[in-house]
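Q: Going by numbering that gives the first Met the number 0, the first residue of the sequence shown is number 0, and it counts up by one from there.
Note that beta-carbon positions come from the ideal geometry of N, C-alpha and C, so glycine has one too.
All values reported here derive from a predicted model rather than from experimental measurement.
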Amino acid sequence: MRIVKKILVALDGSIYTEKVAKYGGDLALRYDAKITLINVVEPPTVVMPVGGMETSMPMVEIELTNRIVEEIESNAKKFLDQNKKVLESKGLDVDILVEKGNISNTILTIAEQNNYDLIVVGSRGHGDIKRFFLGSVSDKISKHAHCPVLIVR
Ligand SMILES: Nc1ncnc2c1ncn2[C@@H]1O[C@H](COP(=O)(O)OP(=O)(O)O)[C@@H](O)[C@H]1O
Ligand SMILES: [Mg+2]
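1) For Gly126, is the beta carbon positioned less than 7 Å from some heavy atom of ligand 2?
2) Does the beta-carbon of Ser103 have 16 or more other beta-carbons within 10 angstroms, so that it is buried, or is it exposed?
3) Per the DSSP calculation, Ile95 is bridged to which residue(s)?
4) In chain order, what are the residue ranges of uninterrupted alpha helix (DSSP H) at least 4 long that sit wholly in the region 58-122?
5) Roughly how many angstroms separate the alpha carbons of Ala27 and Val59, rounded to a whole number?
6) Is the beta carbon of Asp11 closer than 8 Å to that of Gly124?
7) How long is the line joining the alpha carbons of Ile2 and Leu96, rounded to whole angstroms?
8) Tell me Ile150's beta-bridge partners as DSSP assigns them.
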């Protein structure tokens with residue numbers, strides 16, 4: 000019986016991305032599993048002054064925030080697509096997913112709701128605090144996932 004049919008691979012576009020995708024892809028080949036490459040865009044927090052919208056949050060700033068998020072999303076699509084092509088050339092069935100929200104919560108929820116059997120993440124990503132072995136995303140996913148997690152270092 001195959002126990003790994005769907006693999007969720009979390010990519011952040013950092014130097015870990017290629018290696019994480021490779022491990023996900025290799026496991027997908029061996030398990031004959033479907034693979035989804037996911038990137039989550041966390042919108043920047045807009046700090047509102049007490050009292051509401053009418054005071055000092057000009058509309059231009061909100062538009063700018065939206066544009067930045069769109070820019071990040073389209074960049075995410077690009078690097079996910081590049082990795083998808085590489086994996087498809089090995090004969091894999093690959094989907095890509097760009098989501099908005101809190102990074103680790105979004106990955107955890109999608110994995111559980113869609114019955115993924117394995118999550119693959121890098122030990123670190125873009126962050127430059129090297130004091131810890133795990134970044135906050137990989138740390139939270141490894142602790143709270145409903146399924147096994149492979150941490151690629
Ligand atoms: N925005 C994201 N979308 C998808 N996966 C992510 C995202 N951010 C981090 N990850 C996953 O978590 C791994 C560890 O990243 P993270 O915990 O953010 O460490 P760091 O603090 O070094 O950035 C990444 O290699 C990637 O697999
Ligand atoms: Mg990070």
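A: So, to answer that:
1) Sequence index remark: in the sequence shown, residue 126 carries index 127 (1-based). Gly126: yes, Cβ under 7 Å from ligand 2.
2) Counted from its first residue, the sequence shown places residue 103 at position 104. Buried, because 16 or more other Cβ atoms sit within 10 Å of the Cβ of Ser103.
3) Locating residue 95 in the sequence shown gives position 96, where the first residue counts as 1. Bridge partners of Ile95: Leu36.
4) DSSP assignment within the region 58-122 yields the following whole alpha helix (DSSP H) runs of 4 residues or more, N-terminal first: 58-87, 102-112.
5) Taking the sequence shown and counting its residues from 1, the one referred to as residue 27 is at position 28. Taking the sequence shown and counting its residues from 1, the one referred to as residue 59 is at position 60. Cα to Cα, the separation comes out at about 45 Å.
6) In the sequence shown, residue 124 corresponds to position 125, counting from 1. In the sequence shown, residue 11 corresponds to position 12, counting from 1. Cβ distance < 8 Å, so Gly124 and Asp11 count as in contact.
7) Here residue 2 corresponds to residue number 3 of the sequence shown, with the count starting at 1. Here residue 96 corresponds to residue number 97 of the sequence shown, with the count starting at 1. Whole-angstrom Cα-Cα distance: 23 Å.
8) As a first step, residue 150 is located in the sequence shown; it is residue number 151 there, counting from the start. Bridge partners of Ile150: Val120.
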